[in-house]
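In our numbering, each number is its position in the sequence shown, counted from 1, plus 5.
To start, the structure itself, in structure tokens.
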Amino acid sequence: MNMDLAIPRPGLAAMCRICCEVGSLAVLGAAPAGQRRCVPLTGGVVDGPEFRGEVVAGGVDWQWQHADGTLEIDAHYVLKSAPDGGLIEVRSAGLRHGPADVMRRLALGEPVDPAEYFFRTCVRFTTGAPAWMHLNRTIAIASGRREATRVLLDLWRLT
């Protein structure tokens, strides 16, 4: 085996910004893995060089809040393409964490500079829409910002 072959370093290509409106947090209670929570995703807009459209109401951001304050995120929702109405299922899994005071301010809905906390997810897509089939083979990463009534995610496609 030739160990001298270089492994390609992944690149990033800007895909879009998702501005997702969120409903009220529901706390399901304490479980062995932490506090189980969910946030309804009520709609939103998507705009960028690779995708434009809307967030379809009805998605959910499932969360585990761990004892150390880390929020484990598993969001599941649908995007609708503006040009052709194609529907794309999105699964976004990741983490949000930061200093206790910063996380408290976020929980209260106060404005917080996203540089003060870590909010990243890995994003996968599933679709049968002909124009968007390439998304079935795409992995993206997102860098996020939480606001009082919405979440903003900048998606970057791994190349």
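Glycine is no exception: its CB is placed at the ideal position from the N, C-alpha and C atoms.
So who's on the other strand from residue i, going by DSSP bridges?
i, result
"Asp52", "Arg22"
"His102", "Phe123"
"Arg150", "Leu157"
"Glu94", "Val83, Thr131"
"Trp69", "Arg41, Glu77"
"Ile144", "Arg129"
"Leu17", "Leu163"
"Ala35", "Gln40"
"Gly64", "Leu46"
Could you check the C-alpha separation between residue i and residue j for me, to the nearest Å?
i, j, result
"Trp161", "Ala18", "5 Å"
"Val156", "Glu26", "7 Å"
"Gly53", "Ala72", "36 Å"
"Leu111", "Val117", "7 Å"
"Arg109", "Asn7", "52 Å"
"Arg129", "Ala145", "7 Å"
"Leu46", "Ala98", "15 Å"
"Cys43", "Arg14", "36 Å"
"Gly91", "Arg41", "32 Å"
"Tyr122", "Leu30", "20 Å"
"Thr75", "Gly28", "21 Å"
"Gly149", "Thr132", "23 Å"
"Gly103", "Gln70", "13 Å"
Measure how close the beta-carbons of residue i and residue j come, nearest whole angstrom, since I'm counting them as under 8 Å.
i, j, result
"Ile93", "Trp137", "6 Å"
"Gly48", "Val32", "Gly48 to Val32, Cβ: 23 Å. No contact."
Short check: CB of residue i to CB of residue j, under 9 Å?
i, j, result
"Phe124", "Arg151", "yes"
"Val51", "Gly58", "yes"
"Ala147", "Leu158", "yes"
"Ala80", "Trp67", "yes"
"Leu84", "Thr126", "no"
"Ala153", "Gly114", "yes"
"Glu55", "Cys24", "no"
"Ala134", "Asp89", "yes"
Would you be able to state if there are at least three C-beta pairs under 8 Å between the stretch 31-47 and the stretch 134-149? Not touching, per the Cβ criterion.
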